[in-house]
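**Q** Residue numbers for the sequence shown follow full-length UniProt numbering, so the first one is 1 and each next one is one higher. C-beta: ideal position from N, C-alpha, C; glycine also. Pasting a structure below so you can have a look.
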Amino acid sequence: MSESDADQVAQHSGTFALGGDLSATRLGFGTMQLAGPGVWGPPKDHDEAIRVLRRAVELGVNFIDTADSYGPNVAEELVKEALHPYASDLVIATKAGFTRQGPGQWSVNGNPAYLRRQAEGSLRRLGVDRIDLFQLHRIDRSVPLEDQLSELKALQDEGAIRHIGLSEVSIADVETASEIAPIVSVQNEYNLANRSSEALLDYSTRNGIGFIPWFPLATGALAQGDGPLATIAREKGATPSQLALAWLLKRSPSMLPIPGTSSVAHLEDNIRAAEITLTEAEFDRLTEAV
């Protein structure tokens with residue numbers, strides 16, 4: 001993909017106003033894969049990780065999703081190294097609510113003091129005075145939800161964070177949390193092959209809440225050579241990954257996919273999905289394939 005034909009291509013995905021005032025490209029970038037194996041430690045190729053982040057912005061992505069637990073701390077530090085000082089329109093979302101013990105090991109911690117400490121750490125690592133979107137990475141069911149959200153609301157009132165989001169939640173969770181603080185986004189696993197959060201997606205769409213699907217490219221058997229995804233992809237002159245992202249973008253105007261990668265080539269391939277327009281018939285064929 002050349003500079004000339006790829007300039008700002010992500011903008012073709014459209015935008016979504018998080019909280020009504022933060023304009024984010026609907027096709028964003030997730031940083032989890034920039035850390036080492038098991039989302040632990042530094043990247044295998046530090047320079048390529050920096051190139052990926054800078055190339056994403058060159059391609060028009062202005063929505064970067066990260067978390068304190070990616071590394072831990074590694075992904076946030078890479079974002080700062082690659083992109084600071086930030087463009088005025090760059091939207092950076094981060095998350096807190098996990099502790100890490102080693103590769104592939106995650107433990108939920110919603111202690112209010114811990115959430116505050118992690119938010120303060122994210123401010124330093126990202127090099128910002130205010131976090132655009134701060135998400136509770138998981139609700140800690142051993143801690144009252146009101147205590148967790150009240151701490152985030154206090155940080156919001158203090159000006160440390162602008163907007164609050166949730167991750168891996170139900171409609172009931174969102175409704176309960178919304179009584180404590182405005183919730184502008186939710187982040188659940190969702191893709192062509194796993195639509196278990198369909199009801200939450202529809203709820204989010206009706207209520208103007210951004211829906212950030214993690215693991216957006218889990219297409220499984222659908223992408224096999226004779227599967228519907230691969231078949232339609234060949235017809236469209238696209239890749240299965242591009243088609244999976246195009247399906248997500250068409251599924252809801254609140255959808256904000258954040259495909260991640262540690263490769264510039266893979267990044268460029270993913271971002272091309274912003275240029276693909278599915279017909280209703282193509283969308284229905286893919287929808288009905290599972």
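1. Kindly indicate which three-state DSSP category Leu-18 falls into: helix, strand or coil?
2. Given a threshold of 16 other Cβ atoms within 10 Å of its Cβ, counted over all protein chains shown, does Ser-262 qualify as buried or as exposed?
3. Should Leu-200 and Asn-191 be called a contact, given that it needs their Cβ atoms to be closer than 8 Å?
4. Roughly how many whole angstroms lie between the Cα atoms of residue 291 and Trp-247?
5. Could you name the residues of the same chain whose beta carbon sits closer than 6 Å to that of Ser-23, not counting the 5 residues immediately before and after it, in chain order?
6. From Leu-286 to Pro-228, what distance separates their C-alpha atoms?
7. On the criterion of 16 or more Cβ atoms from any shown chain inside 10 Å, does His-163 qualify as buried, or is it exposed?
8. Any idea if Ala-233 is buried or exposed, counting beta-carbon neighbours within 10 angstroms, 16 or more meaning buried?
9. What's the gap between the Cα of Val-9 and the Cα of Val-143?
10. Decide yes or no for the touch test of the region 263-282 against the region 76-87: beta carbon pairs closer than 8 Å, at least 3 of them.
11. Taking the alpha helix (DSSP H) that Leu-283 falls in, what are its first and last residues?
12. For Ser-197, which of helix, strand or coil comes out of DSSP?
13. Run through DSSP, which three-state label would Arg-26 get?
14. For the alpha helix (DSSP H) holding Asp-269, just list the boundary residues, first then last.
15. Report, in whole angstroms, the separation of the C-beta atoms of Ala-96 and Thr-31, which I expect to be a contact under 8 Å.
16. Could you tell me which whole alpha helix (DSSP H) segments of length 4 or greater appear in the region 154-230?
17. Quick check: the Cα distance between Pro-182 and Glu-146, rounded to an integer number of angstroms?
18. Since Val-91 is in the alpha helix (DSSP H), which residue starts that stretch and which ends it?
19. Kindly confirm or deny that the region 51-61 and the region 114-133 touch, where touching means at least three C-beta pairs closer than 8 Å.
20. Quick one: give me the first and last residue of the alpha helix (DSSP H) that Val-79 is part of.
21. Run through the DSSP bridge pairs and tell me what Val-108 is partnered with.
22. Using a threshold of 8 Å, state whether the C-beta atoms of Ile-212 and Ile-258 are closer than that.
23. Measuring straight from C-alpha to C-alpha, what distance separates Ala-93 and Arg-141?
24. Using the C-alpha atoms, what's the distance from Gln-224 back to Phe-180?
25. Report the partner residues of Gly-71 according to the DSSP bridge assignment.
26. Buried or exposed: Asn-109, going by 16 or more other Cβ atoms within 10 Å of its Cβ?
27. In whole angstroms, give me the CA-to-CA distance for Thr-99 and Ser-107.
28. Since Asp-132 is in the alpha helix (DSSP H), which residue starts that stretch and which ends it?
29. Would you decide whether Pro-37 is buried or exposed? Buried here means 16 or more other CB atoms lie within 10 Å of its CB.
**A** For this structure:
1. Taking the first residue of the sequence shown as 1, we reach residue 18 at position 18. Strand.
2. As a first step, residue 262 is located in the sequence shown; it is residue number 262 there, counting from the start. Buried.
3. Position 200 of the sequence shown holds residue 200. Position 191 of the sequence shown holds residue 191. Going by C-beta atoms, Leu-200 is not nearer than 8 Å to Asn-191.
4. Outside the shown range of the chain (1 to 290) lies residue 291, about which nothing can therefore be said.
5. What you label residue 23 is simply residue 23 of the sequence shown in a count that begins at 1. Only Thr-15, Ala-17 meet the Cβ criterion.
6. Translated into the one-based positions of the sequence shown, residue 286 becomes position 286. Translated into the one-based positions of the sequence shown, residue 228 becomes position 228. If you take the alpha carbons of Leu-286 and Pro-228, they lie about 7 Å apart.
7. Residue 163 sits at position 163 when you count from the first residue of the sequence shown. Classification of His-163: buried, given that the 10 Å Cβ count is 16 or more.
8. Your numbering for residue 233 matches position 233 in the sequence shown. So Ala-233 ends up on the buried side.
9. Here residue 9 refers to the residue found at position 9 when the sequence shown is read from its first residue. Here residue 143 refers to the residue found at position 143 when the sequence shown is read from its first residue. If you take the alpha carbons of Val-9 and Val-143, they lie about 43 Å apart.
10. no
11. Counting from one through the sequence shown, the residue named residue 283 turns up at place 283. The residue you asked about is not Leu; residue 283 is Phe in the sequence shown. Counting along the chain, the alpha helix (DSSP H) containing Phe-283 begins and ends at 280-287.
12. On the sequence shown, residue 197 is found 197 positions in, with the first residue counted as 1. Reduced to three states, the DSSP call for Ser-197 is coil.
13. Numbered from its first residue, the sequence shown carries residue 26 at position 26. Three-state DSSP puts Arg-26 in coil, outside helix and strand.
14. As a first step, residue 269 must be located in the sequence shown, where it is residue number 269. Unbroken alpha helix (DSSP H) run through Asp-269: 264-271.
15. Here the question's residue 96 lines up with position 96 in the sequence shown. Here the question's residue 31 lines up with position 31 in the sequence shown. Actually they are not in contact, since the Cβ atoms of Ala-96 and Thr-31 sit about 15 Å apart, beyond 8 Å.
16. 171-178, 198-206
17. The residue you call residue 182 lines up with position 182 of the sequence shown. The residue you call residue 146 lines up with position 146 of the sequence shown. Whole-angstrom Cα-Cα distance: 13 Å.
18. The count along the sequence shown starts at 1 and reaches residue 91 at position 91. No alpha helix (DSSP H) contains Val-91, which is instead part of the beta strand (DSSP E) from 91-96.
19. no
20. Counted from its first residue, the sequence shown places residue 79 at position 79. Element bounds for Val-79: 74-83.
21. Position 108 of the sequence shown holds residue 108. Val-108 pairs with Phe-98.
22. Reading the sequence shown from its first residue, position 212 is the one you call residue 212. Reading the sequence shown from its first residue, position 258 is the one you call residue 258. In contact: Ile-212 and Ile-258 (Cβ atoms closer than 8 Å).
23. Against the sequence shown, residue 93 aligns to sequence position 93. Against the sequence shown, residue 141 aligns to sequence position 141. Near 23 Å, if we compare the C-alpha coordinates of Arg-141 and Ala-93.
24. Locating residue 180 in the sequence shown gives position 180, counting from the first residue. Locating residue 224 in the sequence shown gives position 224, counting from the first residue. Reading off the sequence, residue 180 comes out as Ile, not Phe. If I take the Cα positions, the gap works out to 45 Å.
25. Translated into the one-based positions of the sequence shown, residue 71 becomes position 71. Gly-71 pairs with Trp-40.
26. The residue you call residue 109 lines up with position 109 of the sequence shown. By the 10 Å Cβ count, Asn-109 comes out buried.
27. As a first step, residue 99 is located in the sequence shown; it is residue number 99 there, counting from the start. As a first step, residue 107 is located in the sequence shown; it is residue number 107 there, counting from the start. C-alpha separation (whole angstroms): 5 Å.
28. In the sequence shown, counting from the first residue as 1, residue 132 sits at position 132. Segment 131-136 is the beta strand (DSSP E) holding Asp-132; no alpha helix (DSSP H) there.
29. Translated into the one-based positions of the sequence shown, residue 37 becomes position 37. Exposed, because fewer than 16 other Cβ atoms sit within 10 Å of the Cβ of Pro-37.
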